[in-house]
Each structure stands twice: as structure tokens, then as C-alpha cells.
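The next block holds one structure in the form of C-alpha cells; read it before the comments.
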Amino acid sequence: MRKVTDELPHNRRPALRSDAQDNRARILAAARALFAADGLRVSMREVARHAGVGPATLYRRFPTKQALVDAAFANERRACHAIVDEGRAEAETDPWRGLCLVIEKVCEVNALNHGFTEAFLFAHPDSPEFIASRTYTVNAIAGLARRAKEAGRLRADFVLDDLLIMLMANQGIRAASPADRVAASRRFAALIIQAIQASGERSPLPPAPRLATAALLKNQKL
Numbered sequence: 001m002r003k004v005t006d007e008l009p010h011n012r013r014p015a016l017r018s019d020a021q022d023n024r025a026r027i028l029a030a031a032r033a034l035f036a037a038d039g040l041r042v043s044m045r046e047v048a049r050h051a052g053v054g055p056a057t058l059y060r061r062f063p064t065k066q067a068l069v070d071a072a073f074a075n076e077r078r079a080c081h082a083i084v085d086e087g088r089a090e091a092e093t094d095p096w097r098g099l100c101l102v103i104e105k106v107c108e109v110n111a112l113n114h115g116f117t118e119a120f121l122f123a124h125p126d127s128p129e130f131i132a133s134r135t136y137t138v139n140a141i142a143g144l145a146r147r148a149k150e151a152g153r154l155r156a157d158f159v160l161d162d163l164l165i166m167l168m169a170n171q172g173i174r175a176a177s178p179a180d181r182v183a184a185s186r187r188f189a190a191l192i193i194q195a196i197q198a199s200g201e202r203s204p205l206p207p208a209p210r211l212a213t214a215a216l217l218k219n220q221k222l
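Numbering of the sequence shown is given in the UniProt record's numbering, commencing with residue 1 and proceeding in unit increments.
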């Protein structure tokens with residue numbers, strides 16, 4: 001038999017008690033931090049331990065790992081939508097700049113959150129939330145790429161698979177601090193942009209973060 005609350009619209013269901021709300025907030029905060037740092041290999045038990053709640057409490061709020069991932073990355077999905085919308089707006093006057101803006105900002109989001117990149121690209125093919133987000137983002141980028149090609153700024157042999165390669169490579173960035181990851185991601189994005197542009201123009205690269213140790217760089221001229 002279904003509970004009465006299961007039959008009520010979402011906006012008419014009883015609000016969570018304050019302690020339940022606190023538990024949910026702690027779980028989401030823990031999941032976001034762990035997924036961002038270590039990707040989706042983090043277990044539900046680790047999330048519960050990091051949040052300071054028992055496994056039963058975690059599963060009461062999020063019955064499956066997919067449900068937890070969907071909730072944990074809601075902000076990142078919205079950020080991706082905002083980025084492609086900004087790129088589309090920029091493309092009204094400069095399609096190439098609109099595409100570049102999306103590449104730069106998506107790389108930065110992904111560099112700061114390894115778990116989101118993993119979930120977005122591979123891990124949750126059956127999640128309605130990620131399916132909708134992928135479809136929206138990919139369609140927007142495809143449109144920007146088409147317009148940039150028509151403007152003669154994007155190389156003619158660029159395909160969307162190149163974007164997948166870019167995101168996979170960007171996901172591998174490792175650095176001691178979030179600031180260094182962002183700096184490395186910006187430089188990587190600049191290199192990618194120069195590689196896919198149709199013309200021979202070359203803009204200066206952003207500063208390179210010091211990712212290697214001094215010993216590795218000793219006696220190197222580059």
C-alpha cells in the first residue's frame with residue numbers, strides 16, 4: 001500500500017524536519033567534496049562517514065548512488081547550461097568568440113570537479129537529469145561550432161569527438177591547489193583553441209602554473 005504522502009504533489013508534501021534537512025545538507029556537502037577530489041569511485045559508505053551520518057540515514061535520503069550523484073551535481077549542470085547560454089549570446093556578434101568562451105569555462109568547471117566530468121561523460125547514461133544536460137550542452141556546442149566554421153574561424157575538420165578528447169584530457173589535470181588547477185586548465189584551453197582555429201593567428205598563452213617539481217625542471221631550457 002502506498003503512503004498518503006506518495007500521492008501528494010511534490011510541493012504539498014510535508015517539509016523535512018530540521019534534523020533531516022541538516023543531514024541532507026551534510027551528505028550533499030560531503031558528496032560534492034569527495035566526488036570533486038576523487039571522482040565517482042568514492043563509495044556511499046565513505047560519503048556517510050565524511051558527512052558524520054550512518055549508512056541508513058544516507059540511504060533514507062538517497063536510496064541509490066545515482067540519486068546522490070544527480071543531487072550533488074545539480075549546480076554543475078546549471079553552470080554548464082549558463083555557460084553555453086553565454087556562449088550563444090556572444091556568438092550573436094562573434095561565433096568564434098562564443099565557442100572559445102564555452103571551451104574556456106567548461107574546462108575550468110571540469111578541472112575543479114573530476115566527478116562531474118566523469119558523470120557527465122560516462123557514468124550515468126540512464127539518468128534523466130544527465131541525459132537532458134548532455135543533450136542541451138552538446139546541441140548548443142554543435143551549433144556554436146557550425147557557426148564558427150561558417151565564419152571561417154574554426155578548422156573545417158573539427159568534429160564533436162574532438163571536444164570529448166579535450167574534456168577527457170582536461171579531467172587529468174592534477175595540481176596542489178584549486179587555483180593551480182584553474183591556471184593549468186586555462187592554459188590547456190588556450191592550447192586547444194589555438195589547435196582548432198582555422199587561421200594562423202596565435203594569441204599569447206596564459207601563464208603556465210608550476211606543476212612539476214624543481215628537480216624535474218633542473219637544467220631544462222624550455
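Glycine is no exception: its CB is placed at the ideal position from the N, C-alpha and C atoms. Only a predicted model underlies this, so the values are computations on that prediction, with no experimental measurement involved.
Practice task
Identify the continuous alpha helix (DSSP H) that holds Pro-95 and give its terminal residues.
Solution key: As a first step, residue 95 must be located in the sequence shown, where it is residue number 95. 95 to 112 is the span of the alpha helix (DSSP H), which, as asked, contains Pro-95.
Exercise for the section: Could you please give me the residues that DSSP links to Leu-154 through a beta bridge? Expected result: Counting from one through the sequence shown, the residue named residue 154 turns up at place 154. Looking at the DSSP assignment, Leu-154 forms a beta bridge with Gln-197.
Handout entry: Pro-55 in three-state terms, based on DSSP
Key = Stepping through the sequence shown from its first residue, residue 55 is reached at position 55. Note: Pro-55 maps to helix in three-state DSSP.
Exercise for the section: From the DSSP output, in three-state form, read off Ala-215 for me. Expected result: Position 215 of the sequence shown, counted from the first residue, corresponds to residue 215. Note that Ala-215 has pLDDT 48, beneath the 50 cutoff, so the model's placement of it is unreliable and the number below is only indicative. Here Ala-215 sits in helix by DSSP.
Exercise for the section: Give a yes or no on whether 7 Å exceeds the smallest Cβ distance from Gly-172 to chain B. Expected result: Absent from the structure: chain B. Only one protein chain is present.
Handout entry: Given Ala-48 as reference, the closest of Leu-121, Ala-25, Gly-39 once Cα atoms are compared
Key = As a first step, residue 48 is located in the sequence shown; it is residue number 48 there, counting from the start. Per the Cα distances, Ala-25.
Handout entry: Distance CB(Arg-187)-CB(Ala-208) smaller than 7 Å
Key = Here residue 187 is taken as the residue at index 187 of the sequence shown, counted from 1. Here residue 208 is taken as the residue at index 208 of the sequence shown, counted from 1. Yes, they are a contact pair.
Handout entry: Nearest candidate by alpha-carbon position, reference Ile-141, set Leu-28, Ala-179, Ala-190, Ala-82
Key = Counting from one through the sequence shown, the residue named residue 141 turns up at place 141. If we check each option's Cα against that of Ile-141, Ala-82 comes out closest.
Handout entry: Supposed contact pair Glu-90 and Arg-97 - C-beta distance, whole angstroms, cut 8 Å
Key = If you number the sequence shown from 1, residue 97 lands on position 97. If you number the sequence shown from 1, residue 90 lands on position 90. Contact holds; Cβ gap of about 5 Å.
Practice task
State the Cα-Cα distance for the pair Ala-20 and Glu-46, rounded to the nearest angstrom.
Solution key: Within the sequence shown, numbered from 1, the residue matching residue 20 stands at position 20. Within the sequence shown, numbered from 1, the residue matching residue 46 stands at position 46. Approximately 19 Å between the Cα atoms of the pair.
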